[in-house]
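Just below is one structure, and these are the notes that go with it.
Number of protein chains: 2
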Amino acid sequence: MSHGTEPDLGLLLEPEPARRLADTMQALATPSRVRILGALALRPCSVGEITAAVGMEQSAISQQLRVLRHLGLVVGERRGRQVIYALHDDHVRVLLAEALAHTDHLRLGLAAPPATEAVTA
Amino acid sequence: MSHGTEPDLGLLLEPEPARRLADTMQALATPSRVRILGALALRPCSVGEITAAVGMEQSAISQQLRVLRHLGLVVGERRGRQVIYALHDDHVRVLLAEALAHTDHLRLGLAAPPATEAVTA
DNA sequence: ACGGCCTATGAACAGCAGTTCATGCAATGA
DNA sequence: TCATTGCATGAACTGCTGTTCATAGGCCGT
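Sequence order for the protein chains is A and B. Using this note's numbering, the first residue of the first sequence is number 882, and each one after it goes up by one. Using this note's numbering, the first residue of the second sequence is number 882, and each one after it goes up by one.
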């Protein structure tokens, strides 16, 4: 399926591809943005709804929504006096799902015996 | 395949799961770590090899390797007086590959016409 | 047109993360 | 044992990032 032939991971050694990947991943590197995306993964929401769901200042939400917009992860559309935000497309949802799955998987490894940690015990 | 039934993305609304995912993703949120992982994706490397490949101070490399170790993304094993690092397992490689693929895909969306950006043109 | 809701933006602040410098520890070879 | 190589660690610094506060702009009711 989608990753039958892996793209050249050696590219990540180069500064530019590495920087781009890092920038995109930074969207998922802060709890507030992850929660916002989690809310939008359930359904499109107005800023007010997101604010209530996440429990942060409205201002902070708008700031992070701006970041997410510029990264192309979410889109906003005016509807009356409010703006409805949604995930940009299903790829974002898949990215979230895979990140979550990998996170769980990796944390299992951390809980496991240190057969892997051969240095600086 | 692997994500036939998506894990509950609504979990990401909760602070703790969000924080954990954010922590893990932060490993990919900085170019230096991405480049290190890119090098290790090609083959296991000693710290010196990574340092040469990435072109940073050896000290910085070790610091980031520590972060990556604690996140369970890489493992190190002593061999003589050097330490050979490698990706923890193939899941890490898959995560890198998918992140790279998603990055490319998302950047295509950004280059595309703003049919999606309906607010704050 | 005016007042009120909803969102966006600018500035200031605090905290953190990545780098560097200097040093310490481990392991080999003479 | 001593010197040397290779890696790790602690401290200090810098820059960035996320939050808050205050304010501005848009859009709808009346």
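Glycine included, every Cβ here is placed at the ideal spot set by N, Cα and C. Predicted model only: the values in this text are computed from it and were never measured.
Neighbour list for residue i in chain B, Cβ cutoff strictly below 8 Å
{"i": "Pro888 of chain A", "result": "Ala978, Leu981, Ala982, Asp985"}
{"i": "Ala934 of chain A", "result": "Leu894"}
{"i": "Ala922 of chain A", "result": "Leu890, Gly891, Leu893"}
Nearest to residue i (by Cα), restricted to the options the options
{"i": "Glu847 of chain A", "options": "A:Asp985, A:Leu977, A:Arg916, A:Val928", "result": "The question about residue 847 of chain A has no answer, for chain A in this structure spans 882 to 1002."}
{"i": "Ala982 of chain B", "options": "A:Arg924, A:Ile942, A:Val973, A:Val956", "result": "A:Val973"}
{"i": "Leu923 of chain B", "options": "B:His986, B:Leu987, B:Arg988, B:Asp970", "result": "B:Asp970"}
{"i": "His986 of chain B", "options": "A:Arg988, A:Ala980, A:Val956, A:Leu976", "result": "A:Leu976"}
{"i": "Ser913 of chain B", "options": "B:Cys926, B:Leu968, B:Met937, B:Val955", "result": "B:Met937"}
{"i": "Gln963 of chain A", "options": "A:Cys926, A:Val955, A:Gln907", "result": "A:Cys926"}
{"i": "Leu968 of chain B", "options": "B:Val956, B:Ala978, B:Gly961, B:Arg960", "result": "B:Val956"}
7 Å Cβ cut-off: residues of chain A touching residue i
{"i": "Ala903 of chain B", "result": "Leu909, Ala910, Thr911, Pro912, Val915"}
{"i": "Pro1004 of chain B", "result": "Nothing about residue 1004 of chain B can be read from this structure; chain B reaches only from 882 to 1002."}
{"i": "Ala899 of chain B", "result": "Pro912, Val915, Arg916, Gly919"}
Residue i: CB within 6 Å of a non-hydrogen atom of the ligand ZN
{"i": "Glu938 of chain A", "result": "Of the ligands one can find in the structure shown there are none, so the ligand ZN has no counterpart to examine."}
Cutoff 8 Å; reference residue i; Cβ partners in own chain excluding five residues on either side
{"i": "Arg901 of chain A", "result": "none"}
{"i": "Ile931 of chain A", "result": "Ile917, Ala920, Leu921, Ile942, Leu946, Tyr966"}
{"i": "Ala999 of chain B", "result": "Only weak support exists for where Ala999 of chain B lies, its pLDDT of 46 falling under 50; the value from the coordinates is given anyway. The answer is none, since no qualifying residue turns up."}
Amino acids of chain B, ordered along the chain, whose beta-carbon sits closer than 7 Å to that of residue i
{"i": "Leu918 of chain A", "result": "Leu893"}
{"i": "Met906 of chain A", "result": "Met906, Leu909, Ala910, Ala980"}
Residues of its chain near residue i, where Cβ-Cβ distance is below 6 Å and the 5 sequence neighbours each way are ignored
{"i": "Thr984 of chain A", "result": "none"}
{"i": "Gln939 of chain A", "result": "Thr932"}
{"i": "Ala934 of chain A", "result": "Ala920"}
{"i": "Pro994 of chain A", "result": "In this predicted model, Pro994 of chain A has a pLDDT of only 48, less than 50, meaning its place in the structure is not dependable enough to derive any value."}
{"i": "Gly841 of chain A", "result": "With chain A running from 882 to 1002 in the structure shown, residue 841 of chain A is simply not present."}
Classification of residue i by the beta-carbon crowding that lies within 10 angstroms, buried from 16 upward
{"i": "Gly953 of chain A", "result": "buried"}
{"i": "Ser883 of chain B", "result": "Unreliable placement is indicated for Ser883 of chain B, whose pLDDT of 49 sits below 50; the coordinate value is still reported in the next sentence. Ser883 of chain B should be labelled exposed."}
Spatial neighbours of residue i in its chain, beta-carbon cut-off 7 Å, leaving aside the 5 residues before and after
{"i": "Leu909 of chain A", "result": "Val915, Ala980"}
{"i": "Arg988 of chain B", "result": "none"}
{"i": "Thr905 of chain A", "result": "Leu952"}
{"i": "Gln907 of chain A", "result": "none"}
8 Å Cβ cut-off: residues of chain A touching residue i
{"i": "Arg962 of chain B", "result": "What Arg962 of chain B touches in chain A: nothing, since even the nearest Cβ is about 12 Å away."}
Specify whether the region 888–897 of chain A and the region 893–902 of chain B touch according to this definition: at least 3 beta carbon pairs, one from each stretch, less than 8 Å apart.
no
Three Cβ pairs or more, each shorter than 8 Å: is that satisfied between the region 945–952 of chain B and the region 902–919 of chain B?
yes
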